[in-house]
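Residue numbers (our numbering): 1113 to 1405.
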Ligand code: 5GP
């Protein structure tokens, strides 16, 4: 390369580095919204396009190396990628992730997550809330398991096949998801949660522990409520008494429950499910607190 060209190239590289540093500063100081930066990066000539995804995420509060690496793995994006070089699905997943954290219009979504060990009665408490407190919005999960008698598509779950679930995952449509009891997949569709947030409403998610942890990671302001059994013996009785699972499945669920019980400490609130109406009333009280301005 002739000397003059080399000097020009060096100058251009320095200017690009400065422009990138300026984008990072603006992101860090809140002058530029991360969603805007992502949009801008679709133009290959923009300074945002040359920002690495790692640098981009590290402008988020509390995003150190470990959390950034974990997030990129979850989003299936190589840490070396630049924003301008993202594939369309990667871009959609990163956008969805950013939107979860800051909300569509900068309003953080308000979520209450109800989780707890298997057979503790999460479903029963959630159903009680649905019947007695119709103003509370519930998230309807997608699942690959078949409907049980009486369950309606779109009300209790969206019953989907494996292919549809894969498609939802790839398109970044799920806020969180998990394989529960080593068998079927369950996930929370992101759209309704963000729409509720846009209306200033809190939405209730009744999900398993793995899902609750994902929500905590992506939406630190979500309120996590742990539903606990009055005692271990009571939990075993409920698990066996339900009679909807065979022997092997019951053993598997008990094993899961043991691990799950130990997780109560990770939650913001614990409600003991001694009586369903009382537990439901307490849950509604917590949701209303979240709704209060
Ligand atoms: P069931 O098949 O008995 O309706 O639900 C089994 C488990 O899946 C329950 O512990 C329930 O909380 C959990 N679950 C239901 N929907 C979701 C979801 O969208 N995400 C996650 N992570 N777990 C879910």
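Ideal placement from N, C-alpha and C gives every residue a C-beta, glycine not left out.
Whole-Å CB distance - residue i paired with residue j, under 8 Å assumed
i            : j            : result
residue 1287 : residue 1212 : 6 Å
residue 1308 : residue 1370 : Rounded, the Cβ-Cβ distance is 34 Å, inconsistent with contact.
residue 1149 : residue 1135 : 6 Å
residue 1251 : residue 1196 : About 34 Å; that fails the 8 Å criterion.
residue 1365 : residue 1294 : That belief does not hold up - the Cβ atoms of residue 1365 and residue 1294 are roughly 10 Å apart, past 8 Å.
residue 1324 : residue 1238 : At roughly 14 Å, the Cβ-Cβ gap does not stay under 8 Å, so residue 1324 and residue 1238 are not in contact.
Backbone CA spacing between residue i and residue j [nearest angstrom]
i            : j            : result
residue 1284 : residue 1117 : 44 Å
residue 1348 : residue 1230 : 10 Å
residue 1282 : residue 1313 : 28 Å
residue 1384 : residue 1343 : 9 Å
residue 1138 : residue 1241 : 44 Å
residue 1359 : residue 1278 : 30 Å
residue 1311 : residue 1222 : 10 Å
residue 1187 : residue 1206 : 7 Å
residue 1389 : residue 1225 : 18 Å
residue 1208 : residue 1301 : 11 Å
residue 1394 : residue 1341 : 15 Å
residue 1192 : residue 1236 : 46 Å
residue 1330 : residue 1180 : 12 Å
residue 1255 : residue 1124 : 52 Å
residue 1119 : residue 1163 : 23 Å
Exposed unless 16 or more other CB atoms sit within 10 angstroms - verdict on residue i
i            : result
residue 1233 : buried
residue 1157 : exposed
residue 1335 : buried
residue 1178 : exposed
residue 1268 : buried
residue 1126 : exposed
residue 1382 : exposed
residue 1121 : exposed
Cross-strand partners of residue i (DSSP beta bridge)
i            : result
residue 1249 : 1315
residue 1223 : 1315
residue 1289 : 1299
residue 1254 : 1270 and 1299
residue 1384 : 1340
residue 1335 : 1224
residue 1194 : 1164
Any chain C beta carbon closer than 8 Å to residue i
i            : result
residue 1283 : No chain C is present in this structure, which holds just one protein chain.
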